[in-house]
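Reading the sequence shown from the start, the letters are residues 843 to 1054 in the numbering used here.
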Amino acid sequence: MARGAAESTDVHHRLFARWYPRVARSADAKGGAEHRRELLAGLAGRVVEVGAGNGLNFSRYPAEVSEVIAVEPEPRLRRSAEQAATAAPVPVRVVPGRAEALPDGLADLDAAVLSLVLCSIPDVEAAMSELRRVLRPGAEIRFYEHVRSEGTWAARAQRLADLVWPRVSGGCHLSRRSTDAIDRAGFDVVSSRRFRFLGLPHVVGSARLPTT
Ligand SMILES: C[S@@+](CC[C@H](N)C(=O)[O-])C[C@H]1O[C@@H](n2cnc3c(N)ncnc32)[C@H](O)[C@@H]1O
């Protein structure tokens, strides 16, 4: 993509882009790596990963994946992702772009990966409709997200935290019911496992587009 085009899709979260790789690596060491493995197990074909960050999933794609198109709008994280792509076991192409306006030329993909990203995308509905546009009928979405607590007080605390937290964490919201958007977009949820991790409720699972 031309430099001008990349700049128009970039989002700058300079502080977040500096601390996220360290914090994410530490989370992976405490169990996140196993969740990422579960997220990606059994994937095959051409895959789009939206908001790929510094590329922590890349080393875990199964050999049956023929290509990963990794979309990342934050320039510093994108550069780290490009580095990670060079060591990936499958071909990974890192491209600038936002989930709400995926790069031109993506079509007929076999799967999409959403990994700790629905919390941060400003317009989740637009992102889901973009995914519907680039995926083939019957394609899969894999998701690994932290979500809103079911307890009233915990959910209130999350909503309160969201007055400040998104400003220092690259737009991440703690109180989103992120995976509801997958349902609303017309995907059929195939599996969804809810668990607590690092004090927050998380969900890992998969959903499919109807075949017609
Ligand atoms: C918490 S990080 C997760 C990174 C990575 N997916 C992972 O699993 O480690 C959230 C990511 O979403 C990206 N992001 C923020 N707004 C976005 C948007 N509109 N479209 C796509 N990605 C976005 C951020 O730049 C960041 O890389």
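Ideal Cβ placement from N, Cα and C applies to all residues, glycine included.
Its chain contains Phe1039 as the residues whose beta carbon lies nearer than 7 Å to that of glycine 873, once the 5 sequence neighbours on both sides are disregarded; these appear in chain order. Going by DSSP, histidine 854 is part of no alpha helix (DSSP H) at all; its letter is neither H nor E. Partner residues in the beta bridge of valine 955, as assigned by DSSP, are Glu891 and Arg984. Take arginine 984, set aside five residues on each side of it, and the residues of its chain with a beta-carbon closer than 6 Å to its own are Leu881, Val955 and Ser1048, in chain order. Residue state for valine 932 is assigned as coil, using DSSP reduced to three classes. In this structure, glycine 993 keeps its C-beta atom at 8 Å or more from the C-beta atom of leucine 1051.
Leucine 885 and leucine 898 have their alpha carbons spaced roughly 16 Å apart. Within a 10 Å sphere around the beta-carbon of leucine 977 sit 16 or more other beta-carbons, which makes this residue buried. Taken through DSSP and simplified to helix, strand or coil, serine 922 comes out as helix. Per DSSP, reduced to three states, the secondary structure at alanine 912 is strand. By alpha-carbon distance to valine 932, the top candidate from Val889, Val1046 and Trp1007 is Val889.
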